[in-house]
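**Q** Residue numbers (this note's numbering): 1 to 630.
Have a look at the structure that comes next, please.
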């Protein structure tokens with residue numbers, strides 16, 4: 001994975017939510033809809049906006065479709081699907097990777113089976129999984145409703161979710177095979193907090209196959225794509241031969257010449273495999289906006305569509321929450337629902353406004369693409385909102401010290417090596433006191449409108465801070481990202497403390513290895529009169545630093561690339577770290593003996609004791625961050 005994967009990790013989680021924050025919270029009701037039916041004006045506006053984003057984001061191509069009242073009122077391609085061959089984007093036939101918007105197709109299939117009486121949203125999923133067993137850490141059952149609201153409680157180490165080195169003809173795993181290769185641990189009770197989970201959606205795909213008797217691909221094609229006439233859409237990876245000529249090329253992030261990248265495979269299929277055209281996506285949007293029907297073809301009943309689009313889970317009633325796979329962008333007023341998608345070098349957005357029967361789909365074929373910002377500009381142009389006025393509270397300063405600090409996204413690894421991403425700052429966000437009773441978060445400023453509830457200055461996004469019975473802040477809930485929450489990082493277990501521990505132990509162990517090696521080889525450090533046992537003790541003290549050096553050397557230049565392809569040498573280094581247990585134990589025994597029998601001069605004993613203590617701390621620290629044996 002290249003550097004653009006880092007952008008995808010950020011964009012796919014919160015970029016769309018941030019971009020829609022101007023209309024994403026309670027009390028924002030559209031008081032006026034500008035003349036969206038003036039197609040020449042709409043076309044001129046979109047042409048100017050998209051072309052500006054193509055220039056500013058250094059993207060080769062984009063595609064857009066807009067629907068209203070059951071009709072496609074706008075569909076257009078911009079730039080090039082293949083820059084090298086100068087093939088233009090055609091909104092009808094050019095396929096873009098819609099990535100996680102695939103989840104809405106998967107959820108639609110689930111709701112068809114619910115409607116047909118083959119599934120129950122609140123039944124334990126174990127009864128639908130055939131031979132696959134989900135290891136549960138809590139007594140509560142996991143249901144489809146949990147999976148469809150990302151509240152089943154699974155960790156997300158973000159490892160091996162995309163195959164970046166796929167070559168034509170390579171065998172493709174089934175959904176079951178992918179899940180048998182790796183499935184995450186359940187780290188919190190279901191229904192407590194949302195935490196975005198591709199693996200939870202993979203379970204939905206397996207359930208579709210088990211209950212319907214069809215493969216996921218066949219089911220989606222037969223029951224959704226064919227009835228909707230979506231002939232330029234496929235769930236297959238790579239796309240079928242007859243569609244390859246229409247598949248847009250994805251381009252790397254960067255400002256230089258456009259650099260094409262290969263077709264990457266979404267592991268698990270059902271969370272991000274679909275490729276589609278803008279016109280086909282318009283049909284899909286119309287179906288959902290028309291309560292399950294498109295041009296006489298009913299995909300789901302109106303009742304089922306209403307259930308799918310209604311709020312099913314939320315962290316706080318004052319903030320947006322989760323529908324059944326749809327993400328909510330408003331808890332009141334004019335309500336938006338939708339989903340974003342990021343597949344390395346292609347980014348997409350789909351937004352529906354059920355109350356106005358309007359939807360927009362946008363996709364860029366570059367990691368630089370900004371579909372979220374384009375969607376925001378469209379909504380900002382055609383909808384105006386009544387601005388709410390709040391008076392700042394007088395006692396805000398009393399609470400700021402309780403809530404400022406580091407917060408960790410619940411969407412992270414807990415039991416797997418992926419946890420180490422936190423040490424590199426990924427999944428970590430800061431809430432800071434910026435003065436005048438205001439706080440800073442994710443590049444925006446907020447002021448308090450209720451105790452522990454903040455509103456964005458010059459915006460409408462909200463933050464809510466949860467406290468325990470003692471008044472200690474435990475979590476931050478961001479209205480811009482209802483599919484996850486943030487846990488406050490404090491004390492010895494706090495991320496800054498853990499980073500500091502790592503910064504202390506690493507140089508000590510590395511330096512000690514260099515010192516012992518230099519002095520030992522030159523005969524300076526170890527007098528000839530001491531025993532072979534003592535000589536080996538000095539050599540033993542160099543092992544922790546050597547193991548650490550080997551581990552560090554296996555990290556790729558783009559550290560985040562390990563999330564989509566675990567290097568073999570790194571796996572070996574992590575397994576070799578098991579040696580730290582006997583080595584540290586032996587060093588501890590040697591240290592005690594050195595002091596009891598005065599084997600060494602005082603300075604050398606102190607130095608050896610420091611290295612031993614550091615090694616023991618390193619064993620605990622590395623094990624805590626899953627860097628031993630994974």
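Using N, Cα and C, we set each Cβ at its ideal position, and we do this for glycine too.
Helix, strand or coil, according to DSSP, for residue 85 in the structure here?
**A** Here residue 85 sits in coil by DSSP.
**Q** Is residue 607 helix, strand or coil by DSSP?
**A** Note: residue 607 maps to helix in three-state DSSP.
**Q** Would you identify the three-state DSSP class for residue 525, choosing helix, strand or coil?
**A** With a pLDDT of only 49 at residue 525, under 50, the local geometry of the prediction cannot be trusted, and the value read off the model is given with reservation. Coil, per DSSP.
**Q** State the Cα-Cα distance for the pair residue 230 and residue 392, rounded to the nearest angstrom.
**A** Whole-angstrom Cα-Cα distance: 51 Å.
**Q** Does the beta-carbon distance from residue 414 to residue 487 come in below 8 Å?
**A** Not a contact, by the Cβ cut-off of 8 Å.
**Q** Looking at the secondary structure, which residues open and close the beta strand (DSSP E) in which residue 64 lies?
**A** 61–68 is the extent of the beta strand (DSSP E) around residue 64.
**Q** By the 10 Å Cβ neighbour count, where 16 or more other Cβ atoms means buried, how is residue 4 classified, buried or exposed?
**A** In this prediction, residue 4 has a pLDDT of 38, which is less than 50 and means its spatial position is unreliable; what the coordinates show is noted afterwards. Looking at its Cβ environment, which holds 16 or more other Cβ atoms inside 10 Å, residue 4 is buried.
**Q** I'd like the span of the beta strand (DSSP E) that includes residue 478, first residue to last.
**A** That run of the beta strand (DSSP E) goes 473–478.
**Q** Taking all protein chains shown into account, decide if residue 466 is buried (16 or more other Cβ within 10 angstroms of its Cβ) or exposed.
**A** Under this definition residue 466 is a buried residue.
**Q** Quick check on residue 388: buried or exposed, where buried means 16 or more other Cβ atoms within 10 Å of its Cβ?
**A** So residue 388 counts as exposed.
**Q** Could you tell me which of 76, 61, 394, 288 sits nearest to residue 251, measuring between CA atoms?
**A** Closest option to residue 251, Cα to Cα, is 61.
**Q** So residue 292 and residue 305 are supposed to be a Cβ contact under 8 Å. How far apart are they, rounded?
**A** Yes, residue 292 and residue 305 are in contact; Cβ-Cβ is about 4 Å, under 8 Å.
**Q** Identify the residues that DSSP records as bridge partners of residue 76: which are they?
**A** In the DSSP output, where bridge partners are listed per residue, residue 76 has 64.
**Q** Roughly how many angstroms separate the alpha carbons of residue 68 and residue 74, rounded to a whole number?
**A** Whole-angstrom Cα-Cα distance: 9 Å.
**Q** So, for residue 113: in the same chain, excluding its five sequence neighbours on each side, which residues have a beta-carbon less than 6 Å away from its beta-carbon?
**A** The residues are 119, 211.
**Q** Which ranges would you report for the alpha helix (DSSP H) in the stretch 575–627 if only whole runs of at least 4 residues count?
**A** List check, alpha helix (DSSP H) in window: 580–597, 602–624.
**Q** How do the stretch 423–430 and the stretch 188–195 stand: do at least 3 beta-carbon pairs fall below 8 Å, yes or no?
**A** The stretch 423–430 vs the stretch 188–195: no contact.
**Q** Measuring CB to CB, does residue 324 end up less than 8 Å from residue 172?
**A** In this structure, residue 172 does not lie closer than 8 Å to residue 324 by Cβ.
**Q** Can you tell me whether residue 314 is helix, strand or coil according to DSSP?
**A** Residue 314: coil per DSSP, three-state reduction.
**Q** Skipping 5 residues on each side, what residues in its chain have a beta carbon closer than 7 Å to that of residue 635?
**A** This structure leaves residue 635 out entirely; the chain is present only between 1 and 630.
**Q** Helix or strand or just coil, what does DSSP make of residue 630?
**A** DSSP places residue 630 in coil when its eight states are reduced to three.
**Q** Please name the residue, chosen from 228, 216, 587, that lies closest to residue 205 on a Cα-to-Cα basis.
**A** Minimum Cα distance to residue 205 is reached at 216.
**Q** If you measure between the beta carbons of residue 47 and residue 249, is that distance less than 8 Å?
**A** Contact flag unset, no.
**Q** If residue 282 and residue 84 are in contact, beta carbons under 8 Å, what's the gap, nearest whole angstrom?
**A** The pair is not a contact, with the Cβ atoms about 28 Å apart (cut-off 8 Å).
**Q** Going by DSSP, what residues sit across from residue 266 in a beta bridge?
**A** The partner list for residue 266 (beta bridge, DSSP) reads 162.
**Q** Per DSSP, which residues does residue 211 bridge with? Please list them.
**A** BP columns for residue 211 are empty, so no partner.
**Q** Note down the Cα distance separating residue 456 from residue 337, rounded to an integer number of angstroms.
**A** So the alpha carbons of these two residues sit roughly 21 Å apart.
**Q** Between the beta-carbon of residue 448 and the beta-carbon of residue 454, is there less than 8 Å?
**A** Their beta carbons are under 8 Å apart, which means residue 448 touches residue 454 by this criterion.
**Q** To the nearest angstrom, how far is the alpha carbon of residue 474 from that of residue 345?
**A** About 36 Å.
**Q** With residue 103 and residue 266 assumed to form a contact (beta carbons below 8 Å), what rounded beta-carbon distance in angstroms separates them?
**A** Wrong, their Cβ atoms sit about 11 Å apart, outside the cutoff.
**Q** For the stretch 442–471, list the beta strand (DSSP E) runs that are entirely contained and at least 3 residues long, ordered along the chain.
**A** The stretch 442–471 contains these whole beta strand (DSSP E) runs: 444–450, 453–456, 462–467.
**Q** Assuming residue 297 and residue 352 form a contact by the criterion Cβ under 8 Å, report the distance between their Cβ atoms to the nearest whole angstrom.
**A** So it is not a contact: roughly 18 Å between Cβ atoms.
**Q** In whole angstroms, what is the alpha-carbon distance linking residue 587 and residue 185?
**A** If you take the alpha carbons of residue 587 and residue 185, they lie about 34 Å apart.
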